[in-house]
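Asker: Numbering follows my numbering, in which position 206 of the sequence shown is assigned residue number 419; successive positions increment by one, without gaps.
The C-beta atom is built at its ideal place from N, Cα and C for all residues, glycine as well.
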Amino acid sequence: MPAQYPFCAVVGSDDMTLALTLVAIDPLIGGVLVRGEKGTAKTTTVRGLAEVLPPVRAYDGDRFSIDPADPDAVSPDGPFGAVTPVVERPVRLVELPVGASDDRVTGSLKLDSALRDGRVELEPGLLARAHRGLLYVDEVNLLHDHLVDLLLDAAATGRVSIERDGVSAEHASRFVLIGTMNPEEGELRPQLLDRFGLTVEVAAPRDPALRVEVVRRRLAFDADPEGFAGRWAAEQELLRTRLADAQGRVRDVVLDDETLTTIAEICAAFDVDGLRADLVTARTAAAHAAWQGRTQVTREDVRVAARLALPHRRRRNPFDEPGLDEDRLDDLLGSDEPDPGPDGPDDDGPGGDGGSDDSPPDGTPPETPPQESSESPDDERRPAPAGAGSVASAGEPSRARLLVVRGTGEGQSGRRSRARTAQGRVAGVRHDGEPTGRLHLPATIAAAAPHQLARRGLLDGRGLALDISDVRRAETVGQESNLVLLCVDASGSMAARRRMEQVKTAVLSLLLDAYRRRDKVALVTFRQHDAEIVLPPTGSVEVASRRLADLPAGGRTPLAEGLHRAAEVVRREALRDPSRRPLLVVVTDGRATSGPDALARAHHAARHVAAAGIQSVVVDCESGRFRLGLGVELATHLQAEHVPLGEVTADGLTCVVHAATAPREGVA
């Protein structure tokens, strides 16, 4: 096995190494979610953790790794007796690919045994292999919904039940779940987010000296992995010993009523959901005390625990920034009591103490400079002059009407449009020779039945004689996610009569809907004489909402340029992700005033978009008593649905977007 980067050699990720250390001390904390930008050693650090964990004992040949010391543990490979040899092995780090199938994760029928011997045998999945170890999901926010459901079940019950393909089995699956993600690629489902005990934010260090040290160590490791690991072997062994001592000490840590009351007050003050936050914070504080060599929890232990356990549980809107107000946390904790002194090491090891205090010595928060208002009420009502840019704020988003791409796609699992997916309702049977997918057992048996007389001698009369050509896979229909491309008119006509505020509120509601339905989003705006890709396709609606908030309005209306730029974004994204179907939402009043024959060029561009097969919706922003009907005319050229701005947030309405070649129909 190639050498892993030593855990104790990681620098610049103190919070991350501390959080990983604490869940290693007490796995019941529930795992760690690491959020951060690319290139911050997230994966390297996680893989290094397994190297310092104490080994586990298991029965020789047991694929499900039950604990020999647990008399109630049962393995599908058992039963095991007193004479069964017990072996000691390193803790496993099992990596779960984001594109794995559900049978690969939970286990399924072992096909070669069934086809060759006519014997039903369980093939363990990744959750069985991860039992009593670490389950690592890189880019966990991109995990398909059906895999998220499986992880939620296993994390909640500690067991995996398999009922498929004629296999009925159950086994234990308790693991430390570690996930890493880049927030720019999208957020995590709230149900799965709550299953992570701790969360940390990581970023590349800004100190040049620290960056140099990181690069120096990495270059040395790449040049000679074994030699680099050898130079850190003594520190690794000390860390391994200290970690084992903390695991034994954590059971003796005292959580008195005063500490539990303080934890409850903090959780209530930060308005967290449920009581899991209280339990996780208490366990983390105890683990931190054990890591510091103490058996008594201090306020600093509680502070570190709250800072790691509460940010992702704080009740917030999807577009709010995650995090915790540490000044408020310090106020809730009050002044620190005298340190009773550790019973063991007083250094903080990997990750430090996880806390910092940037407050002034007297405890008063730093003064906030006064902010100057850039607009007066009169400026808010006055239309922006041509060529100028004014920024309007959005109102509170509400539930948007559902926009659905017509037809059946094959994109990633989501909650918007109908699609053939790995999970869902069985809608048919396929026989395409693919080795993966959900087995349709009745159809497989029916295909093999006519050949039993010819195959009678294969199994000596035992069972059903199957051939690989008999295998039939289930075709399931569920829902997919789409690319929601918002093409927003930011011209001067949109800035009049506070219309831009209404537009931003409607677009924010559409972004909130895209967040809930697991879509990718992109944002194109057009104003003055050109169109701009404000946000390329991404899974992060938080980034889109921030770009929308800073969007200025003013100038002429280059509608044709906006449509051409939107078509270009769709074309490029189709090369990168051909299975994800696009939905173009054009937010405009239909005017075109930039350049000669602006309206004719806009209608020509609309027909070009329709001919490319891009399905569209026109959100018509025209208001007032006298209307020109240009939005309706644009929708006709786009072969798109026409939705007035005021109806974007109408609850309970569904707008089906028709294919470009289909005749236009009304809203369903």
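In this structure, does DSSP put G859 in helix, strand or coil?
Answerer: In the structure shown, G859 sits in a helix (DSSP, three-state: H, G or I).
Asker: Given a threshold of 16 other Cβ atoms within 10 Å of its Cβ, counted over all protein chains shown, does Q665 qualify as buried or as exposed?
Answerer: Under this definition Q665 is an exposed residue.
Asker: Give the straight-line distance between the Cα atoms of V831 and L405, rounded to the nearest whole angstrom.
Answerer: C-alpha separation (whole angstroms): 35 Å.
Asker: Since L764 and A757 are thought to touch, with beta carbons under 8 Å apart, how far apart are those beta carbons, to the nearest angstrom?
Answerer: The Cβ separation is near 11 Å, so there is no contact.
Asker: Which same chain residues end up closer than 6 Å to R424 when comparing Cβ atoms and leaving out the 5 residues on each side of it in sequence?
Answerer: Counting only Cβ-Cβ distances below 6 Å, and skipping sequence neighbours, we find P418.
Asker: Candidates A818, S630, L724 and M707: which alpha carbon is nearest A848's?
Answerer: Among A818, S630, L724 and M707, the Cα nearest to that of A848 is on A818.
Asker: Between which two residues does the alpha helix (DSSP H) harbouring C700 extend?
Answerer: Looking at the DSSP string, C700 is not in any alpha helix (DSSP H); the run it does join, the beta strand (DSSP E), is L696 to D702.
Asker: Using the Cβ count rule (16 or more neighbours within 10 Å means buried), how would you classify S381?
Answerer: Exposed, since its Cβ has fewer than 16 Cβ neighbours within 10 Å.
Asker: How about S753 and G399: are their beta carbons less than 8 Å apart?
Answerer: Against a cut-off of 8 Å, the Cβ pair of G399 and S753 comes out as a contact.
Asker: Quick one: is F388 buried, meaning 16 or more other Cβ sit within 10 Å of its Cβ, or exposed?
Answerer: Result: buried.
Asker: Compare the Cα-Cα distances from R633 to each of I279, G627, T621 and V642 and report the closest residue.
Answerer: The shortest C-alpha separation from R633 is found at T621.
Asker: Using DSSP bridges, identify the partner residues of A735.
Answerer: Paired residues: L698.
Asker: Where do the N-terminal and C-terminal ends of the alpha helix (DSSP H) with G775 fall, by residue?
Answerer: From DSSP, the alpha helix (DSSP H) with G775 extends over L772 to R789.
Asker: Where in the segment 322-404 do unbroken runs of the beta strand (DSSP E), each at least 3 residues long, occur, reported from the N-terminal end onward?
Answerer: With a minimum length of 3 residues, the continuous beta strand (DSSP E) runs that stay inside the segment 322-404 are 335-337, 347-351, 372-377, 380-385 and 389-394.
Asker: Under a Cβ-count criterion, where at least 16 other Cβ atoms within 10 Å of its own Cβ denotes burial, should I883 be classed as buried or exposed?
Answerer: Only positions 214 to 881 of the chain appear in the structure, and residue 883 is not among them; the question remains open.
Asker: So what does DSSP say about T621, is it helix, strand or coil?
Answerer: Reduced to three states, the DSSP call for T621 is coil.
Asker: Rounded to the nearest angstrom, what separates Q449 and C221 at their Cα positions?
Answerer: Roughly 6 Å separates the two Cα atoms.
Asker: Out of curiosity, what's the CA-to-CA distance linking V427 and A436?
Answerer: Each residue's Cα considered, the two are about 14 Å apart.
Asker: Would you mind working out which of T297, G837 and R489 sits nearest D275, comparing C-alpha positions?
Answerer: Of the candidates T297, G837 and R489, the one whose C-alpha sits nearest the C-alpha of D275 is T297.
Asker: Using DSSP bridges, identify the partner residues of I746.
Answerer: For I746, which the question treats as bridged, DSSP gives the partners V737.
Asker: Report all residues from its chain with a CB closer than 7 Å to the CB of L241; omit the five preceding and five following residues, and keep chain order.
Answerer: Correct list, in chain order: R496.
Asker: With R507 as the anchor, note down where its alpha helix (DSSP H) starts and where it stops.
Answerer: From DSSP, R507 is part of no alpha helix (DSSP H); its letter is neither H nor E.
Asker: Could you give the first and the last residue of the continuous alpha helix (DSSP H) run that contains E714?
Answerer: That run of the alpha helix (DSSP H) goes R712 to R729.
Asker: Starting from G249, trace the alpha helix (DSSP H) both ways and give me its first and last residue.
Answerer: No alpha helix (DSSP H) holds G249; the beta strand (DSSP E) holding it covers V245 to G249.
Asker: Drop a sphere of 10 angstroms on the beta-carbon of A659, count the other beta-carbons inside from all chains shown, and report buried for 16 or more, exposed for fewer.
Answerer: Exposed, since its Cβ has fewer than 16 Cβ neighbours within 10 Å.
Asker: Taking H344 as the reference, give the member of L355, D362 and T319 with the closest Cα.
Answerer: It is T319 whose Cα lies nearest to the Cα of H344.
Asker: Could you pull the DSSP bridge partners for T657 from this structure?
Answerer: Answer is none; T657 lacks a bridge partner.
Asker: In the DSSP assignment, find the unbroken beta strand (DSSP E) run with A271 in it and report its ends.
Answerer: Looking at the DSSP string, the run of the beta strand (DSSP E) that includes A271 is V269 to Y272.
Asker: Going by DSSP in three states, G536 sits in which element: helix, strand or coil?
Answerer: Here G536 sits in coil by DSSP.
Asker: Spell out a yes or no on whether the segment 467-482 and the segment 242-260 are touching, meaning 3 or more CB-CB pairs, one atom from each, closer than 8 Å.
Answerer: No: fewer than three Cβ pairs fall under 8 Å.
Asker: Please state whether the Cβ-Cβ distance between V259 and T454 is less than 8 Å.
Answerer: For V259 and T454, no; Cβs fall outside 8 Å.
Asker: In the DSSP assignment, what are the bridge partners of G320?
Answerer: Answer by DSSP bridge pairing, in chain order: P337.
Asker: Can you list, in chain order, the residues of its chain whose CB lies under 6 Å from that of T862, leaving out five sequence neighbours each side?
Answerer: The residues are S611, A613 and S722.
Asker: Report all residues from its chain with a CB closer than 8 Å to the CB of T494; omit the five preceding and five following residues, and keep chain order.
Answerer: Excluding positions up to five away in sequence, the list reads I476, I479, C480, V515, A518, A519, A522 and L523.
Asker: Let me confirm a value: I681 is counted as buried when at least 16 other C-beta atoms fall within 10 Å, else exposed. Which label applies?
Answerer: Looking at its Cβ environment, which holds fewer than 16 other Cβ atoms inside 10 Å, I681 is exposed.
Asker: Note down the Cα distance separating A313 from V224, rounded to an integer number of angstroms.
Answerer: Approximately 32 Å between the Cα atoms of the pair.
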